[in-house]
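All remarks here apply to the structure that follows.
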Amino acid sequence: MKVLGWLVRFFGMMFLMSCCMYACEPAETCTDVISDGVLEPDGSPCTKDCECNNQGYEGYCINEVCVSLKREVCDSPGRKETCDIQDKFATKVGTCGKSGERTCKDTGLTSNVWGNCTCPSSTTEGGSESMQESTQETIPEKPPELQRCTKRYVVGNHCASDVDCCSGQTCLTLVDIPPRKVCSCKSESDCPEGFKCCVKNEKLFCARICP
């Protein structure tokens, strides 16, 4: 009986330890655009896009929260097709509107699923070159506070405080899902390079794409 009792306690402890190891395992640190995970990250806290963008889900880290969508299965690796850019991804994807492009088993994916829906290559490259030329031409003429704002604000497409905003504008909270903090504006000149002065619910704010 003593041996039986000892065995029961031993296997019970092993079971509890295995459960703890599974439940308490820290999140894997990702470095690539697409991580190796397969679990749904939507709604999880994050600091990088790759924490929300994995083998099973397309997603981005927006306001330190994962916003993700399940990937669809495809059958021809390398094939490209047009796709609709999700409104919730618009601030991360770019300025090409709602029409994007995706690739079956895109770089970083290990199975036949569609990659992220992004701006078409020609639009992205052309837009990038155009923006670089524009930036090189205009940055020397901008006041110091606007240059500082551009470098800090564009990184995450949102602000943390009034210091991140241009021309004395304020960092306000939009009632979106999830809520996001953006800089107010009176005109496009108050926004960082590549942003527009938009209006929603009678609030003027900076965004790459107006709602």
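Heads up: the sequence shown runs through residues 1300 to 1510, numbered per the working numbering. Even for Gly, the Cβ is constructed at its ideal location relative to N, Cα and C. Predicted model only: the values in this text are computed from it and were never measured.
- In the structure shown, Lys-1391 adopts helical secondary structure according to DSSP, grouped into three states.
- Distance from the CA atom of Lys-1391 to the CA atom of Gly-1399, rounded to whole angstroms, is 13 Å.
- The shortest CA-to-CA distance from Tyr-1356 to any of Gly-1414, Arg-1370, Asp-1374, Cys-1484 is the one to Arg-1370.
- The alpha helix (DSSP H) runs of length 4 or more contained entirely in the region 1328 to 1415 are, from start to end of the chain, 1389 to 1392.
- With 16 or more neighbouring CB atoms inside 10 Å of its own CB, Ile-1333 falls in the buried class.
- For Arg-1479, the enclosing beta strand (DSSP E) stretches over residues 1479 to 1482.
- For the pair Val-1474 and Phe-1504, the CB atoms are not nearer than the 7 Å cut-off.
- Val-1412 has its alpha-carbon roughly 10 Å from the corresponding atom of Arg-1401.
- Secondary structure at Val-1498: strand, using DSSP grouped into helix, strand and coil.
- Here Pro-1344 is not near Cys-1351, since their CB atoms are 7 Å or more apart.
- Ranking Gln-1354, Thr-1346, Val-1337, Glu-1363 by CA distance to the CA of Ile-1476 puts Glu-1363 first.
- Within the same chain, Thr-1390, Val-1481, Phe-1494, Lys-1495, Cys-1497 come within 7 Å of Ala-1506 by CB-CB distance, once the 5 residues on both sides are set aside.
- Annotation: the continuous beta strand (DSSP E) that includes Cys-1470 extends over 1470 to 1473.
- In summary, Leu-1408 is buried, with 16 or more beta-carbon neighbours lying within 10 Å of its beta-carbon over all protein chains present.
- In this structure, the alpha-carbon of Thr-1472 lies about 18 Å from that of Phe-1388.
- The beta carbon of Gly-1414 is closer than 7 Å to those of Arg-1401, Thr-1402, Asp-1405, Leu-1408 in its chain, skipping five residues each way along the sequence.
- As the crow flies, the alpha-carbon of Ser-1488 is around 41 Å from that of Asp-1335.
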